[in-house]
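Read the structure below first, then the notes.
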Amino acid sequence: KPRVQFPLHLMQACKAWRDPSKHSSAFLWTRRSSFANVREEVRIWESLPALFRECTLKRDLAAVQHLQLLLASHGLDIICFCADHLIRLFALSNSLSNAQQAFARVSKPSLYTWNAIIYAHAMLGTPNASFMLYQSMLQCCLLPDRVMLLSLLKACDIPQSMLLHHHIVSYGFESDTVLATALANVHAKNGALTEAYKSFKQTKKRDVVSWGALMTGHLQHGYLSSVLELFKEMQHEGMCPDRVIILCILKASSQVGSMTMGRFLHDEVLRTGLETDLAVGNTLIDMYGRSGNVDEAHRILQRLPNRDAVSWNALFAGYVAHGYDILVFKHFRKMQQEGITASKVTYLCILKACINLAALTQGWLVHEHIIKSAYDLDLEVGNSLIDLYAKCGLPEEAYKVFCRLPKHDLVSWGALLAGYAQVGNHEFVWNLLSEMKDQGFVPNNIIFTSIFSACGRTGRVEEAQKYFAEMTVSYKIIPSIENYSCLIDLFGRAGSLDEAQQFFEILPLQPDAVPWKSLLTSCQTHGSTHLGQHCFEEAVHLDSEDATNYVLMSRLYAGTHLYENSSKLQEMRRSAHAWKVPGRGWLEVDEELYEFIMGSREHDECGQVSGKITRLGKFLMMEGHVPHLDATPQIEDKT
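Okay, so the sequence shown: first residue is 1 according to the UniProt record's numbering, each after it adds one.
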């Protein structure tokens, strides 16, 4: 090694590195060094790299630049001493161009220097460049070490991971536990789950981290059942789950509806004290909300010390999915009181509740919040607003929202078309269909289902027939079961029972009980006992435990004075254990929503609600809507 003349201050710093107790003072000396003219011979190769390594660990680029100037003032190139540390420091400082320049100045890069530049590219998001450098290194007859392979694994895609897998085996690293785990993680992340599992099984020492990575990969690519099977396999090996695995299994259990596994994990959460963890708590709320156990979901939310919008959104989604829409408004106010800002998902859940309840007043209030939050131009939120106003009989308001949206999709058009079809403005519907076609949108089955459904609610048979012809002839769309179900309901409501029955003969697939139940309702309305009996038999064959079938047929018998048949029907109903849950209703009074249950007197406690129900009843009778009192004695509903 050559001898060189070196500055005294820097020489002292290098010597200090031989004594670990003086590392900090040596580091400070580099910051205080001046361009002294004092020279002294010293072998610098033993100490100087350690000084650069400390600068790298501290990510102190200024100190390295100072050292570079000191060396340059004495005719020395910093690259000769610490190319790999310098390149790595540039990478840690997000300066890829400087790292490349430093590498270019190295005439004969060592394995460590190649490691540094490959690490820099892998870390700073240019994986293709890192693999090109790797290929160049191999052409220089240098073989990779485990550090380099780990850097490459973190940045590779599927083809590259397969190549690295081959090199790991070829260069004798197949027994390396860390590499095998990293390889399994990469395969799992890229969706090569079979290869991931093979690599994982070849790992001699599997830990909870490798199990978690494998499960997370399966979860991300939708293999939910495999996630649960892997967890059972991990349990057989006697390992306890960590936070990552608990989150993974809870999400998988939630999506597949495996509440047995979910409750087991909940017990594990309680045992490990993770219930107050925000991410774990939010996942538990989502799991119980999806399963319909909204009370437990609410209890978990209340126990979270720090709730966020995700917590409330998971609760709202559970309420909306299982018919507890009225609770969404109550808890939304609590969320606001806690000072939590509503997100897009929050507004989508609330709007869905408004749509389900036809709660127009609440919808207006939410719309104001949406405008203030600047979500009114969002496509999904806008579509929900269009749907709300359309279903509440205000297509003009829906059209205003539609026009303000910067872009539209089929959902936007479908909701708007259904709104105008519902109020009978069919001329405008035809104009919208033409405009929709001009803008490059082709209506599908779902859009025509919405139009048929809207026509059915308003009894517009002739217009529905025209739309059906437009769908099948002009757009050459093959009608779906949903299309036919809407048409069966439409003709049945209009009293054209024979025409409605004929649709069953041309259905492309065996229908479910819904169209039969729909026609049975029409038979009850129009007193067609013979056809009603046939519809009842078909509906019960498809769903024997649905109480609605028995209620409708019982009313039909009672309405045609066949009380003996009605009594026999009640025996059939008891045998099938088909009991109808009492219906629920909602009223808006002074911008507040109130829920009441049919047959209950709890709403009497609120005079405003009771008074409004009485007024609505009188109004309906004045409009000619008379209840079927002759049918009620034979109906027996139990919860």
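C-beta: ideal position from N, C-alpha, C; glycine also.
From a predicted model like this one, the values you see are computed outputs, not experimental measurements.
Continuous alpha helix (DSSP H) stretch holding residue i: start and end
{"i": "Pro-515", "result": "513-526"}
{"i": "Thr-203", "result": "Segment: none, Thr-203 is in no alpha helix (DSSP H) and carries neither H nor E."}
{"i": "residue 686", "result": "Because the chain here runs from 1 to 639, residue 686 falls outside it and cannot be looked at."}
{"i": "Pro-395", "result": "395-404"}
{"i": "Leu-385", "result": "379-391"}
{"i": "Tyr-112", "result": "111-123"}
{"i": "Glu-233", "result": "224-236"}
{"i": "Cys-535", "result": "529-542"}
{"i": "Arg-457", "result": "445-458"}
{"i": "Thr-177", "result": "177-189"}
{"i": "Cys-354", "result": "344-357"}
{"i": "Asp-242", "result": "Where Asp-242 is concerned, there is no enclosing alpha helix (DSSP H), given that its DSSP letter is neither H nor E."}
{"i": "His-426", "result": "426-438"}
{"i": "Trp-471", "result": "Sequence inspection shows Met at residue 471; the Trp mentioned does not correspond to that position. That residue, Met-471, is in no alpha helix (DSSP H); it is neither H nor E in DSSP."}
Contact under 9 Å by Cβ, residue i with residue j
{"i": "Ser-226", "j": "Glu-195", "result": "no"}
{"i": "Lys-204", "j": "Ser-170", "result": "no"}
{"i": "His-331", "j": "Gly-289", "result": "no"}
{"i": "Asn-185", "j": "Leu-152", "result": "no"}
{"i": "Leu-379", "j": "Lys-407", "result": "yes"}
{"i": "Tyr-475", "j": "Phe-452", "result": "no"}
{"i": "Leu-193", "j": "Trp-211", "result": "no"}
{"i": "Leu-519", "j": "Asp-489", "result": "yes"}
{"i": "Leu-86", "j": "Met-123", "result": "no"}
{"i": "Leu-351", "j": "Leu-410", "result": "no"}
{"i": "Ile-246", "j": "Leu-278", "result": "no"}
{"i": "Gly-459", "j": "Arg-493", "result": "yes"}
{"i": "Ala-415", "j": "Ala-390", "result": "yes"}
{"i": "Leu-552", "j": "Thr-521", "result": "yes"}
{"i": "His-167", "j": "Leu-142", "result": "no"}
{"i": "Ala-398", "j": "Ala-454", "result": "no"}
{"i": "Ile-117", "j": "Gln-100", "result": "yes"}
{"i": "Ser-554", "j": "Ser-544", "result": "no"}
{"i": "Leu-228", "j": "Val-256", "result": "yes"}
{"i": "Leu-270", "j": "Gly-262", "result": "no"}
{"i": "Ala-297", "j": "Ile-340", "result": "no"}
{"i": "Pro-305", "j": "Thr-276", "result": "yes"}
{"i": "Glu-499", "j": "Phe-491", "result": "yes"}
{"i": "residue 654", "j": "Pro-515", "result": "Outside the shown range of the chain (1 to 639) lies residue 654, about which nothing can therefore be said."}
{"i": "Leu-562", "j": "Thr-529", "result": "yes"}
{"i": "Leu-163", "j": "Leu-183", "result": "no"}
When the options are compared against residue i, the one with the closest alpha-carbon
{"i": "Thr-181", "options": "Gly-611, Gly-191 and Val-208", "result": "Val-208"}
{"i": "Ala-314", "options": "Thr-346, Ala-500, Ile-87 and Gly-262", "result": "Thr-346"}
{"i": "Leu-96", "options": "Ala-120, Lys-108 and Pro-109", "result": "Ala-120"}
{"i": "Gln-139", "options": "Pro-159, Thr-126, Ala-155 and Trp-114", "result": "Trp-114"}
{"i": "Gly-559", "options": "Leu-179, Lys-154, Gly-532 and Lys-201", "result": "Gly-532"}
{"i": "Leu-357", "options": "Leu-327, Gly-339, Tyr-375 and Ala-342", "result": "Leu-327"}
{"i": "residue 641", "options": "Ser-253, Asn-565, Arg-271 and Leu-92", "result": "Outside the shown range of the chain (1 to 639) lies residue 641, about which nothing can therefore be said."}
{"i": "Ile-446", "options": "Val-423, Gly-424, Gly-459 and Ser-412", "result": "Ser-412"}
{"i": "Ala-547", "options": "Ala-513, Ile-117 and Cys-523", "result": "Ala-513"}
{"i": "Val-381", "options": "Lys-344, Ala-464 and Leu-394", "result": "Lys-344"}
{"i": "Gln-220", "options": "Tyr-197, Leu-133, Ala-188 and Lys-201", "result": "Ala-188"}
{"i": "Gly-318", "options": "Arg-333, Arg-303 and Leu-348", "result": "Leu-348"}
{"i": "Thr-126", "options": "Val-244, Gly-440 and Asp-157", "result": "Asp-157"}
{"i": "Ile-477", "options": "Thr-177, Pro-443, Ser-373 and Ala-454", "result": "Pro-443"}
{"i": "Gly-424", "options": "Leu-89, Arg-615 and Pro-395", "result": "Pro-395"}
{"i": "Thr-216", "options": "Glu-233, Val-244, Arg-206 and Phe-200", "result": "Val-244"}
{"i": "Lys-334", "options": "Ala-418, Ile-117, Ser-136 and Leu-301", "result": "Leu-301"}
{"i": "Ala-353", "options": "Ser-384, Val-461, Leu-377 and Lys-372", "result": "Ser-384"}
{"i": "Trp-430", "options": "Cys-392, Arg-457, Met-239 and Ala-469", "result": "Ala-469"}
{"i": "Thr-177", "options": "His-165, Arg-206 and Lys-198", "result": "Arg-206"}
{"i": "Gly-393", "options": "Gln-439, Leu-163 and Gln-422", "result": "Gln-422"}
{"i": "Val-106", "options": "His-530, Val-294, Val-320 and Asp-84", "result": "Asp-84"}
{"i": "Leu-111", "options": "Met-137, Ser-130 and Asn-94", "result": "Met-137"}
{"i": "Ser-291", "options": "Val-320, Leu-405, His-218 and Asn-94", "result": "Val-320"}
Any non-hydrogen atom of the ligand NAP within 8 Å of residue i CB
{"i": "Asp-387", "result": "As for the ligand NAP, it is missing from this structure, which has no ligand bound."}
Within-9 Å CB hit, residue i to chain C
{"i": "Pro-515", "result": "Annotation note: the requested chain C is absent from the structure, which comprises a single protein chain."}
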